[in-house]
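These protein sequence lines are chains A and B, in that order.
657 is the number that the numbering used here gives to position 114 of the first sequence; each next residue is one higher, with no gaps.
689 is the number that the numbering used here gives to position 146 of the second sequence; each next residue is one higher, with no gaps.
Using N, Cα and C, we set each Cβ at its ideal position, and we do this for glycine too.
None of the values given here were measured: they were computed from a predicted structure.
Okay, so here's the structure we're looking at.
2 protein chains.
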Amino acid sequence: MTMRPPAEIGMPLDEVDTPALVIDLDAFERNLRRLSERIAGSPVKVRPHAKTHKCPVIALKQVELGAIGVCVQKVSEAEAMVYGGIRDVLVTNEVVGRQKLRRLASLAQTARVGVCADDESQVRALEAAAGEAGITLPVYVEVNMGGNRCGVEPGEPALQLATQIADAPHLIFAGLQAYHGSAQHLRGWDERRQAIAQAVDRAGHTRDLLARHSIECPTITGAGTGSFEFEAASGVYTELQCGSYIFMDADYGRNLDRDGAPTKAFEPSLFVWATVMSRRARTGRSSTPASRRWPSIPDRRWSATSPPRPKSAPPTSTAGSPSRPRPTGLASAARSG
Amino acid sequence: MTMRPPAEIGMPLDEVDTPALVIDLDAFERNLRRLSERIAGSPVKVRPHAKTHKCPVIALKQVELGAIGVCVQKVSEAEAMVYGGIRDVLVTNEVVGRQKLRRLASLAQTARVGVCADDESQVRALEAAAGEAGITLPVYVEVNMGGNRCGVEPGEPALQLATQIADAPHLIFAGLQAYHGSAQHLRGWDERRQAIAQAVDRAGHTRDLLARHSIECPTITGAGTGSFEFEAASGVYTELQCGSYIFMDADYGRNLDRDGAPTKAFEPSLFVWATVMSRRARTGRSSTPASRRWPSIPDRRWSATSPPRPKSAPPTSTAGSPSRPRPTGLASAARSG
Chain A
544 MTMRPPAEIG
554 MPLDEVDTPA
564 LVIDLDAFER
574 NLRRLSERIA
584 GSPVKVRPHA
594 KTHKCPVIAL
604 KQVELGAIGV
614 CVQKVSEAEA
624 MVYGGIRDVL
634 VTNEVVGRQK
644 LRRLASLAQT
654 ARVGVCADDE
664 SQVRALEAAA
674 GEAGITLPVY
684 VEVNMGGNRC
694 GVEPGEPALQ
704 LATQIADAPH
714 LIFAGLQAYH
724 GSAQHLRGWD
734 ERRQAIAQAV
744 DRAGHTRDLL
754 ARHSIECPTI
764 TGAGTGSFEF
774 EAASGVYTEL
784 QCGSYIFMDA
794 DYGRNLDRDG
804 APTKAFEPSL
814 FVWATVMSRR
824 ARTGRSSTPA
834 SRRWPSIPDR
844 RWSATSPPRP
854 KSAPPTSTAG
864 SPSRPRPTGL
874 ASAARSG
Chain B
544 MTMRPPAEIG
554 MPLDEVDTPA
564 LVIDLDAFER
574 NLRRLSERIA
584 GSPVKVRPHA
594 KTHKCPVIAL
604 KQVELGAIGV
614 CVQKVSEAEA
624 MVYGGIRDVL
634 VTNEVVGRQK
644 LRRLASLAQT
654 ARVGVCADDE
664 SQVRALEAAA
674 GEAGITLPVY
684 VEVNMGGNRC
694 GVEPGEPALQ
704 LATQIADAPH
714 LIFAGLQAYH
724 GSAQHLRGWD
734 ERRQAIAQAV
744 DRAGHTRDLL
754 ARHSIECPTI
764 TGAGTGSFEF
774 EAASGVYTEL
784 QCGSYIFMDA
794 DYGRNLDRDG
804 APTKAFEPSL
814 FVWATVMSRR
824 ARTGRSSTPA
834 SRRWPSIPDR
844 RWSATSPPRP
854 KSAPPTSTAG
864 SPSRPRPTGL
874 ASAARSG
């Protein structure tokens with residue numbers, strides 16, 4: 544069967560098939576520029592996390608506006624990015640299993656593809672795959688910043704693993720991944736600041752320990768949409784992995800800024816355009832087949848320039864702000880029907 | 544880029560790329576047979592809901608074992624089923640919008656495709672689309688059974704809509720959809736029994752009202768995995784829409800049976816085969832990129848015949864039962880990498 548895209552270029556909004564993901568391109572580009580503005584003066588580079596969009600077109604736009612490359616979560620995402628034209632990709636996770644390692648090494652023949660490790664057995668498997676493919680693979684030691692998911696502990700354990708990587712013939716020690724995921728959605732500005740201060744201590748201490756053992760640490764990568772300003776100002780981190788800032792979402796929108804008010808650092812730019820399929824006049828009930836993940840935008844947002852057709856719902860947004868302009872561009876991702 | 548399937552026929556489990564959805568075919572087929580056994584002696588027919596699997600191969604297996612066709616949630620699912628060989632499909636929702644109605648009517652040129660309505664404007668739109676396509680479309684009046692999502696109220700409102708459908712040249716009044724969704728996960732057996740007793744009253748009352756106005760009601764369709772035994776025994780419902788019974792899930796597994804114990808009507812047959820990508824010996828932490836939707840099965844389930852390779856996780860299941868046999872068949876659905 545053929546899947547038709549829900550929209551074509553130039554199509555008016557009320558002809559777009561639903562459900563459709565709709566990007567407000569102006570807001571999207573403002574978000575990209577705002578990140579650059581917020582870190583102006585800091586030497587950190589931006590390597591946005593592409594798990595937010597998984598879309599090479601968007602990744603290329605980020606690179607065009609200054610990103611040095613992107614992050615991805617897994618090998619298949621790295622493949623999508625490299626085949627889509629991105630030349631520098633970091634897999635921000637461990638990769639396990641012979642098939643995936645072969646794909647990773649094969650991909651690294653055509654682009655710079657970095658990967659994380661937090662165990663000696665992984666380093667051995669990465670070395671074997673890189674050797675088999677005849678490449679040299681950049682490997683980052685993932686350090687546990689307190690999220691207690693992946694990562695070796697800071698200090699000695701990180702030194703041991705970095706030494707093993709540096710000694711492997713087909714691997715290059717590329718730096719530390721020091722992402723503090725569990726700090727991103729701490730509500731208070733000062734809570735996040737303190738959590739990142741600890742991460743900075745741990746990462747800096749580890750970097751200095753490596754230096755004392757003559758292992759240079761060219762990159763310390765981490766940070767997210769909730770905390771990037773702290774890593775950018777730290778003097779320790781060299782690279783930011785923010786992803787959600789391009790679209791924002793409801794939960795990041797509830798983070799408080801320095802002034803105690805919900806953050807205005809970025810604005811929602813991704814919306815779901817949905818159709819109400821049933822509305823009972825007597826009860827005021829309505830049903831839509833679209834996801835409930837996003838809160839609704841009040842009707843009035845849309846009524847000025849684009850009155851909803853009967854039975855058609857206003858778009859729902861990732862952050863529920865009532866005062867955004869209507870979308871000026873479209874990107875389709877949702878399966879229609 | 545090419546997406547490789549995570550498994551091929553005959554491949555041992557430990558060569559399957561992860562994440563992969565794994566079906567225990569024996570358990571799956573037992574579930575299909577158990578539904579038939581549970582309703583043996585009742586005249587109701589089975590029209591399983593294909594939203595559970597969205598897979599024509601599975602739908603064909605259900606038809607082979609006695610189902611008269613399948614239900615789907617929306618037009619694109621109906622297309623997948625018809626193009627996959629299913630000859631009788633019911634869209635258990637309202638369909639809104641010219642594009643989707645055209646696709647629906649076009650599909651009804653090659654298979655029996657029914658659809659629900661709960662508003663006069665929908666009936667007019669369905670009539671227009673069916674007339675344009677030169678077909679006659681079976682339309683069901685959806686009746687609100689208490690879930691307060693879609694559906695007209697029982698009695699007079701249903702009669703009005705059925706009359707409008709019966710009078711439309713290109714539509715056939717096919718019956719009532721009387722699905723009581725909010726009763727399915729009521730925990731107690733008696734709670735569910737009472738909720739369905741009310742639904743049976745409403746549906747039966749509406750059917751009798753239609754009969755007094757010379758409108759025959761050939762089908763009353765509804766029921767789910769949590770309640771089907773009550774609808775089957777009602778003498779009012781003629782068709783069951785159970786879907787989840789083929790795989791079961793953790794929440795249905797918490798429903799209590801007549802004896803007060805968690806139901807044993809069906810068994811979990813769908814599992815996620817995942818790989819642990821990081822495991823810190825000191826803390827016992829482990830991380831997997833697979834979904835958290837399903838609870839884990841204890842290790843011992845797998846260790847007897849298929850010891851997990853290092854860094855490989857036991858499959859996680861939809862119901863967490865510790866005593867199931869290992870999978871004997873494989874079906875892939877997850878994106879690998």
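- Closest by C-alpha distance to B/Gln707, when choosing among B/Glu663, B/Val615, B/Gly718 and B/Glu685: B/Glu663
- First through last residue of the alpha helix (DSSP H) which encompasses B/Arg547: No alpha helix (DSSP H) contains B/Arg547, which DSSP labels as neither H nor E.
- Task: Can you have a look at B/Arg822 and say buried or exposed, based on whether 16 or more other CB atoms are within 10 angstroms of its CB?
- Result: buried
- Kindly say whether B/Gln703, judged by its beta-carbon, lies nearer than 8 angstroms to any beta-carbon of chain A. Chain A contact via Cβ: absent.
- Counting contacts by CB-CB distance shorter than 8 angstroms, is B/Gln642 in contact with chain A? yes
- Under the three-state DSSP convention, the category A/Gly796 falls into: helix
- Runs of alpha helix (DSSP H) wholly within the segment 654-687 of chain B (minimum 4 residues, chain order): 663-676
- Using a C-beta cutoff of 8 angstroms, does A/Glu810 count as contacting chain B? no
- Quick one: does A/Val925 have its CB under 8 angstroms from some CB of chain B? An answer regarding residue 925 of chain A cannot be provided, because it is not within the stretch 544 to 880 covered by chain A.
- Item | Length of the line joining the Cα atoms of A/Pro681 and A/Val565 | 36 angstroms
- Item | Residues near B/Val684 in its chain [Cβ-Cβ closer than 6 angstroms; skip 5 each side] | Ala701, Leu704, Ala705 and Leu719
- Item | Cβ shell of B/Ile739 (< 7 angstroms), same chain only, five flanking positions each side left out | In its chain, beyond the 5 residues on either side, His723, Ala726, Ser770, Phe773 and Glu774 have a beta carbon closer than 7 angstroms to the beta carbon of B/Ile739.
- Message: Can you list, in chain order, the residues of its chain with a C-beta nearer than 8 angstroms to that of B/Val589? Leave out the 5 residues immediately preceding and following it.
- Response: Leu578, Ser579, Ile582, Gln605, Gly609, Ala610, Ile611, Glu782, Leu783 and Cys785
- Task: May I have the straight-line CA-CA distance separating A/Cys693 from A/Glu637, to the nearest angstrom?
- Result: Cα to Cα, the separation comes out at about 8 angstroms.
- Where A/Asp569 meets chain B, residues with beta-carbon distance less than 7 angstroms: Residues of chain B passing the Cβ test: none, with the nearest at roughly 27 angstroms.
- Query: Any Cβ of chain A within less than 8 angstroms of the Cβ of B/Glu663?
  - Reply: no
- Residues in its own chain within less than 8 angstroms of B/Thr595 by CB, not counting five upstream and five downstream? Gly786, Ser787, Ile789 and Phe790
- If you run the structure through DSSP and keep just helix, strand and coil, what is A/Phe716? strand
- Message: Buried or exposed, going by whether 16 or more other CB atoms sit within 10 Å of the CB of A/His756?
- Response: exposed
- Just how far apart, CA to CA, sit B/Glu759 and B/Val618? A straight line joining the alpha-carbon of B/Glu759 with that of B/Val618 spans about 27 angstroms.
- Message: Using beta carbons (cut-off 8 angstroms, strictly below), is B/Asp794 in contact with chain A?
- Response: no
- Task: Let me know the secondary structure DSSP gives A/Arg630 once reduced to three states.
- Result: coil
- Query: Three-state secondary structure (DSSP) at B/Ile566?
  - Reply: strand
- Just checking, does the segment 813-821 of chain B make contact with the segment 625-641 of chain A on the three C-beta pairs under 8 angstroms criterion? yes
- Message: Beta-carbon within less than 8 angstroms of A/Val666's beta-carbon, same chain only, minus the 5 sequence neighbours each way: which residues are those?
- Response: Ala660, Val682, Leu704, Gln707, Ile708, Ala711 and Leu714
- Message: With a threshold of 8 angstroms on Cβ separation, who are the neighbours of A/Val625 within its own chain once the five nearest residues in sequence on each side are excluded?
- Response: Val632, Leu650, Thr653, Ala654 and Val656
- Query: Within 8 angstroms (strictly less), CB to CB, does B/Val638 reach chain A?
  - Reply: It does; some Cβ of chain A falls within 8 angstroms.
- Item | Span separating the alpha-carbon of A/Gln741 from that of A/Tyr795 | 21 angstroms
- Message: By the three-class DSSP mapping on this structure, what secondary structure does A/Leu783 have?
- Response: strand
- Message: To test your reading of the DSSP string, which unbroken alpha helix (DSSP H) runs of 4 or more residues are found completely within the segment 692-764 of chain B?
- Response: 699-710 and 732-755
- Query: When the Cα atoms are used, what is the spatial distance from A/Glu558 to A/His592?
  - Reply: Each residue's Cα considered, the two are about 32 angstroms apart.
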